[in-house]
């Protein structure tokens, strides 16, 4: 059993140095890269938000519909929080929208530190009647600034795991007939695409061994239910979750179905939960989670129902399914429910956003969950739970894609302000730029001051 880090400081919580609490004007902007964004034809993306009638509809199409959470507070009062029904595979359109409003977007490629290629799709190109992936030569022809010198500063965002995406396009054998026909034999399309950086839900360190992972792939988290909320909505959510809603009715929440490569693990956990009065569970079937490429999926168990369960529970079981990663990992963290992982690969996910999983999650190896998961989780002392939930709050901002808009309501979380926090989009860009400059081998040591570098309590 592993819990939060040991002997970090006298109280066991994280420390924030003064240089982290920076102003969004000069210092923060100086740590973010200048980005040139290509304008590609819509056939290279798979989203619908460009057809929105107004800004509200566009935000709903990108981040999902807004829903309300009614929370009973410790003092007996009620509070209304907000979340969004963000689809697990919506990172492509979220990044494209956020990039349009990015303060360091440049129009001249000569000024760019990074080059953003808005090429992505939501469906799995290898299932059913899905459209095939773009030919590498065709894609390279749309990128006039891509060459040997700039390739390692180009990046794409894959909203799925690498084994079910068009990242396979970037693994074609160099020098094929198609490439030679396209006039790229000396500087092949596949070589250039392989040199580009790919941001994906998983990478080679966090995927199952038989999942193909192209080179230069870095894992970034699913969009949480806080993505698409305004700064003040997130402040209010954090304020209530961390300070006014500490008492939780259930010890454990378990929301998943018995499918995927770890189906036996899931069945075992579901049975243990069913036999425990302090475990809240509503099994989700595979059909509930199927992706509809037109609607981005509408599960029978709604996001607000799952969020309400997470808010009511101390621990949230997050077993792997088809892959090690789960959207539930990020949603449970945002809602102050300590995630419980069962595969060591899960503790290697998203190091830019959550570099130290031991500080925010409980990991149960196979010899533990086979015995009695509930008994182990009941045995964790309250002071350790308090420390871990405080740690969850430190990474919440990095798991939300903030929707910046005029928001005059600022009556919560006194002392917080918009300039103090890095959201998931900013964390990804800053760490990508830092990684490119420092080299891949230093990816986990090269932090820019927003998060776990300042959460170091050794």
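Residue numbers (my numbering): 19 to 476. For glycine and all other residues, C-beta sits at the position ideal for the given N, C-alpha and C.
Determine the DSSP secondary structure at residue 495, reduced to helix, strand or coil.
-> As displayed, the chain neither begins before 19 nor continues past 476, which places residue 495 out of reach and without an answer.
Mind checking whether residue 411 and residue 256 have CB atoms under 8 Å apart?
-> yes
Reference residue 320; option with closest CA among 64, 67, 83, 58 = 83
Given residue 208 as reference, the closest of 166, 396, 225, 217 once Cα atoms are compared | 166
Between the C-alpha atoms of residue 98 and residue 332, what's the straight-line distance to the nearest angstrom?
-> 20 Å
Which partner residues does residue 360 have in the DSSP bridge list?
-> Answer is none; residue 360 lacks a bridge partner.
Return helix, strand or coil for residue 439, following the three-state DSSP convention.
-> coil
Looking at C-beta atoms only, is the number of pairs between the segment 402 to 416 and the segment 279 to 296 that lie closer than 8 Å three or more?
-> no
CA-to-CA distance, residue 277 to residue 349, given in whole angstroms | 20 Å
What number of angstroms, rounded off, separates the C-alpha of residue 430 from the C-alpha of residue 185?
-> With a pLDDT of only 37 at residue 430, under 50, the local geometry of the prediction cannot be trusted, and the value read off the model is given with reservation. Each residue's Cα considered, the two are about 43 Å apart.
Considering only C-alpha positions, which residue in the set 220, 396, 444, 79 is nearest to residue 366?
-> 220
Does DSSP put residue 449 in a helix, a strand or coil?
-> helix
Candidates 117, 89, 446, 260: which alpha carbon is nearest residue 371's?
-> 446
Straight-line Cα distance separating residue 222 from residue 162 | 29 Å
Would residue 157 be called buried (16 or more neighbouring beta carbons within 10 Å of its own) or exposed?
-> buried
Skipping 5 residues on each side, what residues in its chain have a beta carbon closer than 7 Å to that of residue 237?
-> 218, 219, 220, 221, 224, 367, 368
Starting from residue 124, follow its DSSP beta bridges and name the residues at the other end.
-> 54
State buried or exposed for residue 456, treating a residue as buried only when at least 16 other CB atoms are found within 10 Å of its CB.
-> exposed
Under the three-state DSSP convention, the category residue 355 falls into | coil
Which ranges would you report for the beta strand (DSSP E) in the segment 79 to 136 if only whole runs of at least 3 residues count?
-> 84 to 90, 96 to 102, 132 to 134
Please confirm whether residue 226 and residue 341 have their CB atoms less than 8 Å apart.
-> yes
Would you say residue 291 and residue 270 are within 8 Å of each other, going by their C-beta atoms?
-> yes
Straight-line Cα distance separating residue 72 from residue 343 = 34 Å
From this set, 362, 56, 91, 376, which residue's C-alpha is nearest residue 123's C-alpha?
-> 56
Less than 8 Å separating the beta-carbons of residue 396 and residue 356?
-> no
Where residue 216 sits in the DSSP three-state scheme = strand
Using the Cα positions of residue 272 and residue 328, report the straight-line distance between them to the nearest angstrom.
-> 9 Å
To the nearest angstrom, report how far apart residue 336 and residue 267 are at their CA atoms.
-> 19 Å
Which of the three DSSP states, helix, strand or coil, is assigned to residue 332?
-> strand
Following the continuous beta strand (DSSP E) through residue 297, name the residue where it begins and the one where it ends.
-> 297 to 299
Using CA coordinates, which residue listed in 353, 364, 323, 324 is at the minimum distance from residue 339?
-> 364
If you follow the alpha helix (DSSP H) that residue 158 is part of, which residue opens it and which one closes it?
-> 154 to 159
8 Å Cβ cutoff met for residue 62 and residue 152 | yes
Residue 380 in three-state terms, based on DSSP | strand
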